[in-house]
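Residue numbers (my numbering), protein chains in the order written: chain A, 1 to 263; chain B, 264 to 589.
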Amino acid sequence: MTEQALFISRTANLRYWDSSYDRLYFGNEFCERLIPSSEELTAMVAFAGEKTAAFTFVTPYVTEAGLRRLEPLFRNLSETGTAEVVFNDWGVLRVLRARYQSLTPVMGRLLNKMKRGPRLMAVIDKLPESTVEYFRNSSFTVPRYQQYLGSLGVRRVELDNLLQGIDLPLPNLEVSLYTPFAYVTTTRLCLMNGCDDPAHEDLVGIYPCKKECQKYTLGMTSEIMPVMLIRKGNTIFFENPALPLDLDTAGISRLINQPEIPI
Amino acid sequence: MIKLLSPVDKVEEVEELVRAGADEFYCGLLTPEWHSKYIAGAINRRPGGNANFTSFEELQDCLDVAHSQVTPVYLTLNEHYYTQQQYPYLQDFIARVAEMGINALIVADVAVLLLLRETDLPLRVIISTGGTTFNSETVKFYQDLGASRVILPRHLTIKEIGEIAGKVSGIQLETFIFNSRCPNVDGFCTFQHGLADPSFELLYKNACMLPYEISVAVEEGAKLGQLSARRQHIWETVHVDDYPCGACALWEFNEMRLASVKIVGRGNPTKRKIADLRFLRTLVDNIRDGQPSREEFRRTARKKYQETYGRPCREYMCYYPEVMTG
C-alpha cells in the first residue's frame, strides 16, 4: 500500500489536508529564506500529531547562514520525538548524522540528479537505446552507492515524475515520488526578486528580497517543449499528473502530493 | 598566491596558455566510443567535440607538454550522475588516465568518489561545482570522502565564500572568476546540454538561453509580465557570451587563501583563452607585486576590464555584484 503524503510549504495550506493522507511534509527545498520559523514548525508537528499522521520536515540547500537557521529547528524537532528530515544538501546530512541521530534522514529530490529537461521529449525517439536508458536511470542503480547511503542511515530516496519515465524499482531503497510538480532547475540569482520594480530590471544576483515568490508565478512556453515550464520564485518546474500505472510494482512506497508548487 | 586555472582543449595551445599565465589546466576527454553510445548523456557536461580532447593520445600529448612546463592538468569526469551500466567503461577510463599521469579528476557524482576511494590510483580528487557545496559542512563531507579540493558554486557571495574558507582546513577551495555566469545552480540544474548539433538551435542551445513566451500565471497582469519577460531576456541573450567577470573579488579571494580561481571556457578559441589569462594574470601579479588596497585594486581591475574587453562593468555581468552595489 502506497503511503500518501501532503507536501505544503505554507501553514495556510493545511486547508488541503484530508483523511486520505498518512503523512505531512512541511518546509522548503529551494531557498533558505523560506525556512520556516520555530513556531510554524512546532504548529505543523502538533497538527500532524493531532491527526495521528507522521511528520517530515523538508529542508533546502543552505549556506552557513542557512545552517545556523536549521540547527535550532533540528534541536526542537529531535526533542519532540521521531520525525523525518528531507535533506537536499550533503552538509545538512552531515549535521544530522553528527548531532541529531533521532531524526531519520531522507534524501531529497535535488540530490537525485536525473535529467528533467522537457526538451528531451522532442528527440527521445531518435536517440540510441543506451542514451534513453541513461536518461531513465540514476546513480541509485550503483550498488556501492546504495550501500554507502545505507551506512549513513539513508533508506529512502525521492524522485520526480519524469516525462521520459523512470526505470523502477530501485533495489535496496525505499522510493518516494513527487506529484504532480517536478522541479527542473533552481538558482540563487532569483529572477523574481524585484520583478515588480522596473528600477531593478538589470539586478540579478543574491540580494535581499520581498519574497516576491509568494505573490507571482510565471509560465514559460517554448515551441520545443511539450509542457509549459513554471517559474515560481527561484525555481522552474513542470507539471506531470500522469503517474506510473502500478505504484507497487514500481516500488514506489510513498506519493508526495503537492496541491500547489511548494514554494 | 592564488592560482589561475585555465581550460585547455588543444595540444598546440598549451605552451601559449602557460606563457599567458595559466598555473593549472582543466580539460575533458570525450571518445567516439562514449559519444556514439550516450549522445547528450555527456561524460563531462560538454557533449560537443570542440570542448574536449577526442582521444587518449591527444590527451597524452597535452599532458606531456603541460608537465614539461611544470603545469598540472585536471580531467573533468563531472557529469552529475552515471548509471551502473556505464561503470565498466568508467573504470577502464579512470585507470588509463591515471596511468597517463593526469594530476587530478574533477568529479561531481558521489558514487564516482566512492569508486575512487576503493582504488589506490595516484589521483587527487577535486569536487566539481556540480557537487553543490554551499557550506563548510558539505566541504567536510567531501573531505571525509577523500577530496583534496572543492570548487564552490557560482552562486555564493564573497562574504559567504569567506565564511566557508574560515571554517575548513586541510582542503583547497576554488571559485569562479570569469565567463559563463550560469543563471542556474550547475549541480541542481537538470536541463540537458547539447541535445542536437548546432543546426538545430532550439535543441542545441542551453535551455536557459532559449526564447520563451512569458505569461503571468498568478496576480496582476501586463506590467509585471512585460518586465519579467525583459529580465528573462537578459539571461537568454548575454549570460554566457558577454564576458561575465569576477576579477574585483580576486583581492578578497587571495586574502582568504583560496587555492585557485577558475576561468570557464572549454571550447573557446585559443585567442580568447589567452586574452582572459593575460587580463587576470596582470591582476594577480598586481596583488602580488603592488600590494594595493582593496579599493585601489578594484579600480585597476575595472580599468583593465574596460581596456581588454571594450565594455564597462555591468552588474548583471558581475559574478560578485556586491563589489558594485556595496
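We treat Cβ as the ideally placed atom computed from N, Cα and C, and that holds for glycine.
This structure is a prediction, so every number in the text was calculated from the model and none was measured.
Identify the continuous alpha helix (DSSP H) that holds residue i and give its terminal residues.
{"i": "G66 (chain A)", "result": "64 to 80"}
{"i": "D548 (chain B)", "result": "533 to 553"}
{"i": "A361 (chain B)", "result": "350 to 363"}
{"i": "N517 (chain B)", "result": "513 to 518"}
{"i": "V281 (chain B)", "result": "277 to 283"}
{"i": "V448 (chain B)", "result": "Unbroken run through V448 (chain B): none, as it is neither H nor E."}
{"i": "Q135 (chain A)", "result": "Reading the sequence as shown, one finds Phe at residue 135 (chain A) and not Gln. Residues 129 to 136."}
{"i": "M44 (chain A)", "result": "38 to 50"}
Using C-beta distances below 7 Å, list every residue in its chain close to residue i, excluding the 5 sequence neighbours before and after it, in chain order.
{"i": "R282 (chain B)", "result": "none"}
{"i": "Y572 (chain B)", "result": "Y506"}
{"i": "L521 (chain B)", "result": "I265, A428, L436, E437, T438"}
{"i": "I550 (chain B)", "result": "L513, W514, N517, F560"}
{"i": "F397 (chain B)", "result": "P416, L419"}
{"i": "E279 (chain B)", "result": "T533, I537"}
Any idea if residue i is buried or exposed, counting beta-carbon neighbours within 10 angstroms, 16 or more meaning buried?
{"i": "K403 (chain B)", "result": "buried"}
{"i": "P241 (chain A)", "result": "exposed"}
{"i": "V333 (chain B)", "result": "exposed"}
{"i": "T280 (chain A)", "result": "In the structure as shown, chain A begins at 1 and stops at 263. Residue 280 (chain A) is therefore absent and cannot be evaluated."}
{"i": "S269 (chain B)", "result": "buried"}
{"i": "E476 (chain B)", "result": "exposed"}
{"i": "L245 (chain A)", "result": "exposed"}
{"i": "Q349 (chain B)", "result": "buried"}
{"i": "P446 (chain B)", "result": "buried"}
{"i": "M1 (chain A)", "result": "exposed"}
{"i": "K210 (chain A)", "result": "exposed"}
{"i": "E32 (chain A)", "result": "buried"}
Please return the same chain residues whose Cβ sits closer than 6 Å to the Cβ of residue i, not counting the five positions on each side in sequence.
{"i": "E276 (chain B)", "result": "T533"}
{"i": "I224 (chain A)", "result": "R119, A122"}
{"i": "Q258 (chain A)", "result": "F7, F181"}
{"i": "L546 (chain B)", "result": "A510, L513, A564"}
{"i": "R69 (chain A)", "result": "I35"}
Considering just the uninterrupted stretch of the beta strand (DSSP E) at residue i, what are its terminal residues?
{"i": "T334 (chain B)", "result": "Here T334 (chain B) belongs to no beta strand (DSSP E), and DSSP marks it neither H nor E."}
{"i": "K232 (chain A)", "result": "229 to 232"}
{"i": "L218 (chain A)", "result": "217 to 221"}
Quick one: is residue i near chain A, going by C-beta distance under 9 Å?
{"i": "E381 (chain B)", "result": "yes"}
{"i": "R494 (chain B)", "result": "yes"}
{"i": "E279 (chain B)", "result": "no"}
{"i": "R525 (chain B)", "result": "Sequence check: residue 525 (chain B) is Lys here, not Arg. No - not a single Cβ of chain A is within 9 Å of the one on K525 (chain B)."}
{"i": "E400 (chain B)", "result": "yes"}
{"i": "A485 (chain B)", "result": "Because A485 (chain B) sits at a pLDDT of 47, beneath the cut-off of 50, its placement in the model cannot be relied upon, and the following sentence gives the value as read from the coordinates. No, A485 (chain B) lies away from the interface with chain A (no Cβ there is under 9 Å from its Cβ)."}
{"i": "E407 (chain B)", "result": "Note that residue 407 (chain B) is Asp in the sequence shown, not Glu. Yes - at least one Cβ of chain A is within 9 Å of the one on D407 (chain B)."}
Can you find a CB in chain B that lies within less than 9 Å of the CB of residue i?
{"i": "R75 (chain A)", "result": "no"}
{"i": "T80 (chain A)", "result": "no"}
{"i": "T179 (chain A)", "result": "no"}
{"i": "Y61 (chain A)", "result": "yes"}
{"i": "D89 (chain A)", "result": "yes"}
{"i": "F237 (chain A)", "result": "no"}
{"i": "C209 (chain A)", "result": "no"}
{"i": "I224 (chain A)", "result": "yes"}
{"i": "R15 (chain A)", "result": "no"}
{"i": "T249 (chain A)", "result": "no"}
Could you name the residues of the same chain whose beta carbon sits closer than 8 Å to that of residue i, not counting the 5 residues immediately before and after it, in chain order?
{"i": "A374 (chain B)", "result": "Y344, Y345"}
{"i": "F87 (chain A)", "result": "T59, L93, L96, P105, V106, M107, G108, L111"}
{"i": "I230 (chain A)", "result": "F181, T217, L218, G219, M220, I236, F237, F238, E239, I261"}
{"i": "F140 (chain A)", "result": "N112, Q146, V157, L170, L173"}
Looking at the ligand MN, does it come within less than 8 Å of residue i, judged from the CB to the closest heavy atom?
{"i": "D202 (chain A)", "result": "In the structure on display, the ligand MN does not appear, and there are no ligands present to speak of."}
Q: Give, in chain order, every residue of the region 452 to 463 of chain B whose Cβ lies closer than 7 Å to some Cβ of chain A.
A: C452, T453, F454, Q455, L458, A459
Q. Any residues in the region 290 to 310 of chain B with a beta carbon nearer than 9 Å to a beta carbon of chain A? Which ones, in chain order?
A. S299, K300, Y301, I302, A303, G304
Q | Residues of the region 321 to 354 of chain B with Cβ closer than 9 Å to any Cβ of chain A, in chain order | A | E342, H343, Y344, Y345, T346, Q347, Q348, Q349, Y350
Q: Taking a Cβ distance cut-off of 7 Å, strictly less, list which residues of the region 27 to 52 of chain A are near chain B, in chain order.
A: none
Q: Quick one: which residues of the region 114 to 126 of chain A get their C-beta closer than 8 Å to a C-beta of chain B? List them in chain order.
A: M114, K115, R116, G117, R119, L120, A122, V123
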